[in-house]
Amino acid sequence: MRFARILALTFCLPFLAGVVTARAAGSAAVFTALWSPDVLAAGPGERKSGRLGPPDRSPPEATTFPALPPLPEALAGSIRRVNTHGEKLVALTFDLCELADQKSGYDGAVVDALRAAGAKATFFAGGKWMRSHPTRAMQLISDPLFEIGSHAWTHGNFGQLDTAEMRRQIAWTQAEYALLREKIALMAREKGISEAAIATIPAAPTLLRFPYGRCRPDALSLVASMGLAAIQWSLTTGDPDPHSTPERIVKIVLARVRPGDILIGHANGNGHGTGEALPRLLVELRKRGYRFVTVSELLAAGRPLIASDCYDFHPGDTAQYDRIFGDGTIHPRHKKGPRPQPRPEHPGQ
Ligand SMILES: [Zn+2]
């Protein structure tokens, strides 16, 4: 039923050979030169996600960033999954959300499990999250296993923001990435790493995940004009639910996974059970013949299934977050009136 609905609401595109470049990860030479395994390992207390006082709306240190060519027409829209013609590829993705009034965490169990298994993945990093976790962000950016996409500056809701604010949410995140990439390059040069190796680290994220899974047609157009592909998901861990357990995540994912899926989880401390589920989940998926690829690799491996709207399971189902989160950048408890209750599958937190 669900699959039929998705098919009805998406459309296949002509084969995209040449449209999508698959190489969008870090550099092994840079990564291994800069960080030892003990420095990379999860530290105590890092996972904790907390609230700041007043919202922090300050810009990054610099707001310039490399311009990207406009997105190819064939990738415009909300990309949910990829028709890989049966090839058992899956893109594991993890969001690093951080609202203006939030200092979210770093869930090292997620990252460590991926590294231990040699599993490729894509992280959608909030710009402000990168600024508040610079070392962890630089490790993710330079790791050849991982691709970094944008998750907007302060988790703005692209169903609500005006054009100027949408542009700022994207631009500041690209700028923060550029600052950290430059810092990585300086550190790598000091270690004698070649310019060729440094150059393999992408100059800018080329993917964006809309916070709350919310968009509007003009948001999709803006993102495309700035050169980014909008990546939704087709399979969820359900990890924002506080009742989520590792067992439940393994069960849900194994029961639902299909070739070409894009799986969403969280690595900012707001995912419940994800890090503990991953070691077993990765083993079980591999037993079933699945290979893990970055989102860019998945896009290059088949025909993306693209919708004209952004949703979780059914069109319109993320619109509820407008009422709960407003412009998205502040946690509801700071707003007037009784605190609304997000549904358990709320994807943004
Ligand atoms: Zn989010």
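In terms of mature numbering (1 follows the signal peptide of the UniProt record, and there is no 0), the sequence shown is residues -24 to -1, 1 to 325.
All C-beta atoms in this analysis are idealised placements derived from N, C-alpha and C, irrespective of residue type, glycine included.
| Query | Result |
| --- | --- |
| Where Pro280 sits in the DSSP three-state scheme | strand |
| Start-end ranges of the alpha helix (DSSP H) lying completely within the stretch 59 to 133, minimum 4 residues | 84 to 93, 103 to 108 and 110 to 118 |
| Neighbourhood of Pro31 by C-beta, 6 Å cutoff - its chain only, sequence neighbours within 5 removed | Ala76, Asp77 and Ile306 |
| Backbone CA spacing between residue 333 and Ile225 [nearest angstrom] | No answer is possible for residue 333: it lies beyond the span of the chain, which begins at -24 and ends at 325. |
| Check: Asp303 C-beta below 7 Å from any heavy atom of ligand 1 | no |
| Rounded C-alpha distance that separates Ser220 from Ser170 | 45 Å |
| Residue from Ile160, Cys191, Ala67 and Leu183 whose Cα sits closest to the Cα of Asn133 | Cys191 |
| Cβ-heavy atom distance, His127 to ligand 1, below 7 Å | yes |
| Host beta strand (DSSP E) of Gly241 (start-end) | Asp237 to His242 |
| Stretch pair the stretch 174 to 189 + the stretch 252 to 267: three plus CB contacts closer than 8 Å | no |
| Alpha-carbon to alpha-carbon, Val58 and Leu10 | 35 Å |
| 8 Å contact criterion, which Ile228 and Ala67 should meet: CB distance rounded | With a Cβ gap of about 17 Å, Ile228 and Ala67 do not count as contacting. |
| Residue span of the beta strand (DSSP E) that contains Ala4, given as start and end | Ala4 -> not in any beta strand (DSSP E); alpha helix (DSSP H) instead, spanning Ala4 to Leu10. |
| His307: CB within 7 Å of a non-hydrogen atom of ligand 1 | no |
| Residues that Phe268 bridges to, as DSSP identifies them | Val66 |
| Anticipated Cβ contact below 8 Å, Thr182 with Ala295, distance rounded | 27 Å between Cβ atoms; not a contact. |
| Residue range of the unbroken alpha helix (DSSP H) whose run includes Ile146 | Thr139 to Glu166 |
| Among Pro42, Leu65 and Ala4, the one whose alpha carbon lies nearest that of Gly203 | Pro42 |
| Touching by the beta-carbon criterion (3+ pairs, under 8 Å), the stretch 101 to 118 and the stretch 147 to 156 | yes |
| Euclidean distance between Cα positions of Leu44 and Ala206 | 14 Å |
| Local conformation of Ser54 per DSSP, three classes | strand |
| beta-carbon Cys73 near ligand 1 non-hydrogen atom, thresh 7 Å | yes |
| Given 8 Å, three or more beta-carbon pairs between the stretch 81 to 90 and the stretch 123 to 132 | no |
| Cβ-Cβ distance between Leu65 and Ala277 below 8 Å | yes |
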